[in-house]
Each structure stands twice: as structure tokens, then as C-alpha cells.
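One structure is given here, and the rest of the page talks about it.
Residue numbers (the numbering used here): 201 to 710.
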């Protein structure tokens, strides 16, 4: 060995001895184990009294309808939150005191024609049939509530049977949640549980609700509020895109192109992963978009080919808005596997919605739970209201009334469009219409997610001054009055609309 080699061995031996001594020393002081470290969670510092004696204002003893405008405004300012609008808008939201026919009245005595049935839901206006009121009160007195998993109220059986009778095909399995969002949640869960698949395809120009899955299914900007983080939802382009045209010289060719795009998307996503194609039968908030001839038949065929369920969201148009009882009935031969409806089910008198499935899907849940539920699903009082409302719609031929007024409705929209250069085009079906607005250079004046443009502020002011009240979704201007509006009231509404649009023409620079 060389001197260096010998020196290296001696150094290594010394190091080993030292390491052994350290290890031995540690072993004598440390117990092998997984003991916790000592720690003390923080003590509550911000102590707030939560058991003060209950004390309510004597204002609550005053009869309903007797509060002054100042009392209402103070309570709104201190306690009311809004949902789809910034909170400060509550300070200028009108105080509505009562309704009569298709009219609403505010605390200042102003009378407004409800030009969009509020959120396209007050389909019978504000003089509800006595049968609806009486049945609702009777149910409230006799059985105000029974939890759907503990008992069956007669009205649940009646409403289910009635809806099964008026729906085409074998759409007969009924669930009655409290809102359109909840109905769409139930539909998504139903499809996933039935198919064992999880992806859902929706249009970009769509709205399906404000709860988690329904909001993620939504295509418009309201989806972003939830962070757009829930997996399993795929967006497809509508057959009527905003800023580009489908290839084809005829509507038939463009429709086929739209269907080719959808089928290719299905193939790229993997048909074995797609549970549901979920479309609005007629897109509502996105601008009253009616699919072109043959499109929905093609969607049904794609679903059949790849074993995907088809869901038609009828929350906005169901129960007569389009001149058919349900929007999908405009598409010959198409029966969806699932439909949802809400607003028109009770004409907005009480919160209730519906999910209906075909028989083979209903039967599949005989041996397993749906996987969706809520305390108020199948609420007896809401069902009693809906039951009599639907009977009224049918027995009084409200559909026939809508069909009779529909040509006059469309003629008025055409006349107004030709009278105002700010209107690019219009669409209408039944008693549901929409104007699209453009600027003098032909461009889109405002996207739905952006703050309201000053031109639409001027229009809204003129709209209100002309005695109209309704939703505003620029660049779309919706028209959807109560379905039982008279012809003279309808024509009066279009005259008011015509006057208001002059302000928009001017504000946009025409």
C-alpha cells in the first residue's frame, strides 16, 4: 500500500467510529415512534355575541302592503343581495306593488306592460285563475308538506300522470324539483348514472342554471362565475355562430356542416365517455335561436348512433311559449330521452320544475337511486299550483291563443325591424321574439359579458318611459309577453317598443 492509501483507510476508520458514537448517542436519547409535536390551536379572539335576546321591529306587525317606500328601501339597502346583477343595482330596482293582467305597478303609481313575462316565466300574467289559487290554498291547509321519500301525496301522483299524458312518446318518469337549475342537475345525474359515462356536451350559446353542474353546463359568461373548473363538460358551437358562418350555399348544406362538426367532436371526445348531449330546444337568453330544419333530427341520429342520451332543456320555452306545448315538438320525429321544464309549469306562481325521462330510463332506476334529491323535491303545495296551472293551459286552449297571435307577433317584429336601422335582424317563434342590434358599421355593439353600453342605457330609459318593463340582454332585445295577452295589448306593446327604439337608433349614431 502507498502512504496515501494507508492514510485513507485510517481516515475512514476514524469517521466510522465517530458516526457510530453519534448514532449510539442518538439511540440512547430518542425513542422510535410517531409521536405528535406539542401544539395549541388559536383561541377565539373576535368574540361576537350570538345569544342576545331576540328583538324584532314593530314594523313587522304592520299589514303586508303598508310599508312606505322609505321603509322598503332601507330594508333593501341593509339586507337584500342581488344575484346576476351587481349589488348596488338594488337601490334603483323598482318597488313593484301589484299586478293586473299583463301589467305591473310600482310604488309611484306607474303602470308597466310586462314585455318579457319577467324572466320569461309569468306566462299567465298577474290574474291567476281561481282554480290555481283555490287548489294551492286547499293543499296548504290539508297537507302543506310531505317529504318525497317518506310518503306520496295524491297531488304528486296526479301531476305525474298529467305530465305523462301531455308529453309525446314514452316520456313518463317524473321528478319535480324546485327550479330549472335543479331540474338540470337531476338530468345530468340521471344520464351519468344510467349510462355509466360522464361527459356532457352543451352549446356555447346556452344557459342551463346557476348551481354547480348546471352552471358548468352553461355556455355563456355566467359559467365563468363558478371558475369554469368542473370537469366533464364539453362545449360545441351552435348552428348559428356569432362571428362566422358555416360552409355551404344552402341552409341544408350548412346544417349538414354543423352536424358534421358535432359528430367529429363526439368522435374526438370518445363516444364511450359521453353520457349526454344537452341542448335548449330553443335557445332563450342567447337570442331565441331556433335550430335550422333537420338539425335536431340529426342530433337525435348522432345520439342513437353512439348510444348517447339526448336532453332537451325546456325550462324557458316549455308549456306553450313557442306555440307548441314543448319546444322540441317543432322538430318532427324527435323524442328526447330526458326533458326539463320549470317556468311555465306553474306560470311562476310557485317555484317548481320538472325532469321527465323515457320509460326505459325510469325502469333502470327501480333497482338503484337516482343519485339526486332535495328536501323540497315534489313539494305538495307547489305541485298543486302546477297541476291546476297545466290543466288551465290545456282546457282554455292557451296554445291556440298563442298560435293565433303568432303571425301578428311576427309581422310586428318585421315592421319594427324595417323601421329602425339599429336592428340587424329578428327572430320569432310563437310568442317569443328577439331583435339583434348592430352599429352603423354593422358590428356587434356589445357582448353579453361586458358592462352595459351607454347606448343601451339610453334605450332602457326610453323603454321604461314608454311603459315597458322587462329583461335586457344586449345585443339581444327579447320580447316574451304573458301568453294570455290580448291582441290589442300586444299591439300596444309593439307600439311602445317602436317608440323606445328611436332612442337606440340615435344613441348608436344612425
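For every residue, glycine included, the Cβ atom is placed at its ideal position computed from N, Cα and C.
Rounded to the nearest angstrom, the Cβ distance from residue 616 to residue 671 is 18 Å, too far for a contact under 8 Å. Residue 340: not part of any beta strand (DSSP E); member of the alpha helix (DSSP H) spanning 330-342, first to last residue. Distances from the CA of residue 325 to each of 373, 695, 669 and 697 were compared; the closest alpha carbon is that of 669. Taking a C-beta distance under 8 Å as the contact criterion, residue 404 and residue 432 do not qualify as a contact pair.
Rounded to the nearest whole angstrom, the CA to CA distance from residue 401 to residue 435 is 6 Å.
Remark: C-beta atoms of residue 371 and residue 556 approach each other more closely than 8 Å.
Distance from residue 451 to residue 493 at the Cβ level is roughly 7 Å; contact confirmed, criterion being Cβ atoms closer than 8 Å. Sixteen is the threshold: when 16 or more other Cβ atoms of the shown chains lie within 10 Å of the Cβ of residue 495, as they do, the residue is buried. With contacts defined as CB atoms closer than 8 Å, residue 328 and residue 314 fail to qualify as a contacting pair. Contact check for residue 323 against residue 544 passes: the beta carbons are separated by less than 8 Å.
The way I'd put it, the stretch 689-706 doesn't touch the stretch 335-351; fewer than three beta-carbon pairs between them come closer than 8 Å.
Across the set 682, 512 and 235, the C-alpha of 682 shows the shortest separation from the C-alpha of residue 601.
As computed with DSSP, residue 374 is found in a beta bridge with 556.
Contact check between the stretch 559-575 and the stretch 528-536: fewer than three CB pairs, one atom from each, fall below 8 Å, which does not count as touching.
In the three-state reduction of the DSSP assignment, residue 405 falls in the coil class. A straight-line Cα-Cα distance of about 12 Å links residue 335 and residue 591.
Contact between residue 674 and residue 653 holds: CB atoms are separated by about 7 Å, below the 8 Å threshold.
In the three-state scheme derived from DSSP, where H, G and I count as helix and E and B as strand, residue 534 is classed as coil. Residue 291 carries a helical assignment under DSSP once its states are collapsed to helix, strand and coil. Here DSSP, grouped into helix, strand and coil, assigns residue 360 to helix. By a beta-carbon distance limit of 8 Å, residue 295 contacts residue 272. Their separation comes to about 5 Å. If you ignore the 5 residues before and after residue 280, its C-beta comes within less than 7 Å of the C-beta of 290, all in its own chain and listed in chain order. Counting C-beta atoms within 10 angstroms of its own C-beta, residue 502 has 16 or more neighbours from the protein chains shown and is therefore classed as buried. By the beta-carbon neighbour count (other beta carbons within 10 angstroms, threshold 16), residue 480 is buried. Listed as beta-bridge partners of residue 668 by DSSP are 313. Residue pairing by DSSP puts residue 626 in a beta bridge opposite 635. DSSP places residue 509 inside the beta strand (DSSP E), whose first and last residues are 509-513. Collapsing the DSSP output to three states places residue 693 in a helix.
Residue state for residue 433 is assigned as strand, using DSSP reduced to three classes.
For residue 615, the enclosing alpha helix (DSSP H) stretches over residues 598-619. A distance of 8 Å or more separates the beta carbons of residue 623 and residue 488.
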